[in-house]
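Engineer: Protein chains in written order, with numbering that gives the first Met the number 0: chain G, 0 to 359; chain S, 0 to 368.
One structure, pasted below without further comment.
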Amino acid sequence: MTYLELQGISKSISGKTILERIDFKIEKGEILAITGPPGSGKTTLLKIIGGLVTPTTGKVYLEGRDITKLPPHERSFSMVFEIPPVYPDRTGYENIAFPLKIRRLSEEEIRRKVLSISELLGIRHILNRKPSTFSGGEYQRVALARALVTEPKLLLLDEPFKSLDAKIREAMIAWMKDLQKKIGVTVIYSTHDPLESMSIGDKVLVLLKGVQKQLDQPIELLAKPVDLDVDEFISIPALNIIKGRLEKCAENRLDISLDNTKMSIPRRITQCEEGSEVLVAFRPQDVKFHTTETLGALKGRIITVNYMGRNRLVSLEVNGIVLRAIAEKEARMEIGDTACLTVDPDKVRLYDVKTRKLLS
Amino acid sequence: MSSQVVVKLENVTKRFENLVAVNNVSFEVYKGELFTLLGPSGCGKTTTLRIIAGLEYPDEGKVYIDGVDVTEKPARERGVCLVFQEYAVFPHMSVFENIAFGLRVKKLSKTEVERKVKEIAEILDLSNYLNFKGGKLGLSEQQRVAIARCLAVEPKLLLLDEPLTLADAKIKEKMRRELRKLQKDLGVTMIFVTHDQLEALMLSDRIAIMRSGRLIQLGTPEEVYDNPGDLFVATFVGSPTINLLEGVLEIDGNRLLLKTDSHKYAVASDINVKTLQGLVGSEVVIGFRPEDVEVMPEGVLEGVVKLAEIAEDKRILYVKLNDHEVKVFVDLFTSFNEGQKVILKINPLKLHIFDKKTGKKLLKGVIPG
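What follows is the structure, encoded as structure tokens:
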């Protein structure tokens, strides 16, 4: 059953469109990750859901009830920002207990709830300490505990781990996912990092320039981005894009000429026009890197090698364009060497040159 | 690589009141290399950089640049240039004027300034931006302008203090590729400071890992990743973090066992146990990276899937063993259910064994046999 639904949400501020055509449904207990570059409207969208911003058009429903006009404090949602305000002069315990005090719960009940949530979040040890002694991860967990202690119907997280070091952020994301499973709270989580959105979200909403581009499970999103803009945004390291020409549209096969080589893709697309140009896109992870001459490969000169621990990111110049490939860490290579790339034809996506839409 | 030493630190110590920010640090930086100071916040990496720049003076030890003792010399006499986290590109000035800034201070002739700026702009791919105002630029261009302004004055050394920290994930990846290429194309010696281990791996020729003011390990990216000298380096470098199992080492036939408080794990089988003989009975921590363990149809190490998470083109399984949890890279399109039993096989060549008390490396790699 649909838990939260947004219908035709848009927002303009003094004539400038911030958000348009936002439509989605989420189920109870799901994590929806909203991802887009800085300035794409993520925070505004979260604020509309939280009731802090009124949409220009559209409706917000919670369990079938229209809550568009409901003030924030009547929604029973909790929100945590990148740098959450934690009261510096109060202990961890007092910070977490604060929203319960406002609700006038008994001291005994407050104590029980604070202890239980602190246990779950692994922060029992900081309850008697002041925030100035917290580490980045502890600080963020206190803010989360305060948000969760009221048992909110929805938890809104706006880039909650952005200012943490990469290592701590990684641990916090796995921890957050595990915690969410235990308590079953419904979460909307925003991040500028598409990889983070796919590791945390049951579903991912891609927001580009205020427009809802795609809403899908991470695996689907990776396999079938709706257009080249989405594909480019979600690909880290940066997506490879080459112009190609459709040479032959056979029953279950497409022949494409690509730079100095040809590629056969075991696929069929509707409206296949022989001789027309297409944009051929593939991720660096889906490219095979060869240090020896390889039949049917794109051949180029190595211009940069970035070691990444379990593998290497190699950039090659192939007839004036730069392509990137993830290579095995054992592969030996030097800048200036000639190398070859082959692409897994199943992992290639074709886009219309004009509309940039996925050809399928 | 030429092994001409550009920078040398000799037993450098710096104290701030009771805190020893840099503790007896020594290293050499060679001409043309990108050398990175890596560590968590508060490890002393920025203070070390500032000591090289001449913005801080050490309490003990010496700093040499091109063989000359510069320990007491002010920043402007050292021939170094520093790029900060906030690039400090003048927003109201054109890119041309930004790059020309240092040359004008040096009172070069107008034609000379023009020639140099154009030359540097060409190298840094900024020729089309020369008339743009600094404030109109994206982060990647701002970074290049900040570097161009430094390079225009032909420093012996370029110092960069966390210059990519403020960028978002997409831009960061692009800037890492560009910066590495640029440094190699120009051959300029750079010292780079970061807390981000992946950034250090991607950019550097060599990495100095610091902790609590001390230099813990110095090596190439491959060396610090594949052969960490202690537990701190092993866990700090690599993402997802290395798996660790704690217990007492035992041998049974050709198997390596680890006895924990509540369980006995068979960590590896069919191995040559000779090199392990001396470690039997020791309290150890056994480390292995998530890419060095596989899910197999049969074997000796059994666990239960707790959580699966997408990571780029792979999936990370969080597998619960008896009293430990490990991460395993699996194929993105193979699905695993929560609660599913899996059997794991660790590549014995990629095992790291550390002393539990000191954290020091005892052994890297066990030979199959």
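Just so you know, even glycine gets a beta-carbon here, dropped at the ideal spot from N, CA and C.
#1: Return the CA-CA distance between Leu-357 (chain G) and Lys-166 (chain G), expressed in angstroms with no decimal places.
#2: Could you work out which residue in S:Leu-158, S:Arg-49, S:His-323 is closest to Phe-191 (chain S) when comparing CA atoms only?
#3: Report the rounded CA-to-CA distance for Phe-346 (chain G) versus Lys-212 (chain G), giving the unit in angstroms.
#4: Which of the residues in the stretch 218-246 of chain S, read from start to end, lie with their CB under 8 angstroms from any CB of chain G?
#5: Would DSSP call Ile-50 (chain S) helix, strand or coil?
#6: How long is the line joining the alpha carbons of Met-0 (chain S) and Gly-186 (chain S), rounded to whole angstroms?
#7: Counting only C-beta atoms, is Ala-168 (chain S) closer than 8 angstroms to chain G at any point?
#8: Counting C-beta neighbours from all protein chains within 10 Å, is the total for Thr-291 (chain G) 16 or more, i.e. buried, or is it exposed?
#9: For Asp-68 (chain S), I'd like the list of residues in its chain whose CB is within less than 8 angstroms of its CB, leaving aside the five on either flank, ordered along the chain.
#10: Tell me whether Asp-371 (chain S) is buried or exposed, calling it buried when 16 or more other Cβ atoms sit within 10 Å of its Cβ.
#11: Can you tell me whether Thr-132 (chain G) is helix, strand or coil according to DSSP?
#12: Looking only at C-alpha atoms, which of G:Ile-172, G:Asn-305, G:Asn-318 sits nearest to Gln-182 (chain S)?
#13: Give a yes or no on whether the C-beta atoms belonging to Pro-90 (chain S) and Gly-137 (chain S) are separated by under 8 angstroms.
#14: Between Tyr-317 (chain S) and chain G, is there a C-beta pair that is closer than 8 angstroms?
#15: Measure the beta-carbon distance from Leu-206 (chain G) to Gly-35 (chain G) and round it to whole angstroms, keeping in mind my assumption that it falls under 8 angstroms.
#16: May I have the straight-line CA-CA distance separating Ser-268 (chain S) from Thr-274 (chain S), to the nearest angstrom?
#17: Mind checking which residues open and close the alpha helix (DSSP H) that includes Phe-232 (chain G)?
#18: What residues from chain G crowd round Met-201 (chain S), counting only those whose CB sits closer than 8 angstroms?
#19: Within 8 angstroms of any Cβ in chain S, is that where the Cβ of Asp-164 (chain G) sits?
#20: Using the DSSP secondary-structure output, state which residues sit across from Phe-34 (chain S) in a beta bridge.
#21: Pull out every residue of the stretch 127-143 of chain S whose Cβ sits closer than 7 angstroms to any Cβ of chain G, in chain order.
#22: Can you tell me which of G:Val-321, G:Ile-334, G:Ser-189 puts its alpha carbon nearest to the alpha carbon of Thr-42 (chain G)?
#23: Name the residues in the stretch 297-316 of chain S whose C-beta lies less than 9 angstroms from a C-beta of chain G; which are they?
#24: Looking at C-alpha atoms only, which residue of G:Tyr-138, G:Glu-107, G:Thr-132 is the closest neighbour of Leu-120 (chain G)?
#25: Anything in chain G within Cβ reach of Arg-173 (chain S), meaning under 8 angstroms, just list it in chain order.
#26: Please tell me whether Asp-192 (chain G) has its Cβ less than 8 angstroms away from any Cβ of chain S.
#27: Return the CA-CA distance between Tyr-128 (chain S) and Glu-177 (chain S), expressed in angstroms with no decimal places.
#28: Could you tell me the boundaries of the beta strand (DSSP E) in which Thr-34 (chain G) lies?
#29: Quick check: what's the CA-CA separation for Pro-227 (chain S) versus Asp-184 (chain S)?
#30: Check the Cβ of His-194 (chain S) against every Cβ in chain G and list those closer than 9 angstroms, keeping chain order.
#31: Would you please verify whether the beta carbon of Met-175 (chain G) is less than 8 angstroms from any beta carbon of chain S?
#32: So, is the C-beta of Arg-205 (chain S) closer than 8 angstroms to a C-beta in chain G?
#33: If you measure from the beta carbon of Ile-33 (chain G) to each beta carbon in chain S, is any gap under 8 angstroms?
#34: Counting only beta-carbon separations shorter than 8 angstroms, does Pro-154 (chain S) have a partner in chain G?
#35: Just to confirm, is the Cβ distance from Ile-240 (chain G) to Leu-297 (chain G) under 8 angstroms?
Structural biologist: By the coordinates alone:
#1: 36 angstroms
#2: S:Leu-158
#3: Here residue 346 (chain G) is Lys; the residue named in the question, Phe, does not match the sequence. Between Lys-346 (chain G) and Lys-212 (chain G), the C-alpha separation is close to 21 angstroms.
#4: Pro-220, Glu-221, Tyr-224, Phe-235, Val-236, Gly-237, Ser-238, Pro-239, Thr-240
#5: helix
#6: With a pLDDT of only 47 at Met-0 (chain S), under 50, the local geometry of the prediction cannot be trusted, and the value read off the model is given with reservation. Going from the Cα of Met-0 (chain S) to the Cα of Gly-186 (chain S) covers about 10 angstroms.
#7: yes
#8: exposed
#9: Lys-61, Val-62
#10: Beyond the ends of chain S as shown, which are 0 and 368, falls residue 371 (chain S); an answer cannot be given.
#11: helix
#12: G:Asn-305
#13: no
#14: yes
#15: 4 angstroms
#16: 14 angstroms
#17: 227-233
#18: Asn-305, Tyr-306, Met-307, Leu-312
#19: yes
#20: S:Ile-190, S:Arg-205
#21: none
#22: G:Ser-189
#23: Lys-305, Leu-306, Glu-308, Ile-309, Ala-310, Glu-311, Asp-312, Lys-313, Ile-315
#24: G:Tyr-138
#25: Looking at the sequence provided, one finds Lys at residue 173 (chain S) rather than Arg. Near Lys-173 (chain S) (Cβ distances below 8 angstroms), the residues of chain G are Ala-237.
#26: yes
#27: 17 angstroms
#28: 30-34
#29: 30 angstroms
#30: Asp-164, Ala-165, Lys-166
#31: no
#32: no
#33: no
#34: no
#35: no
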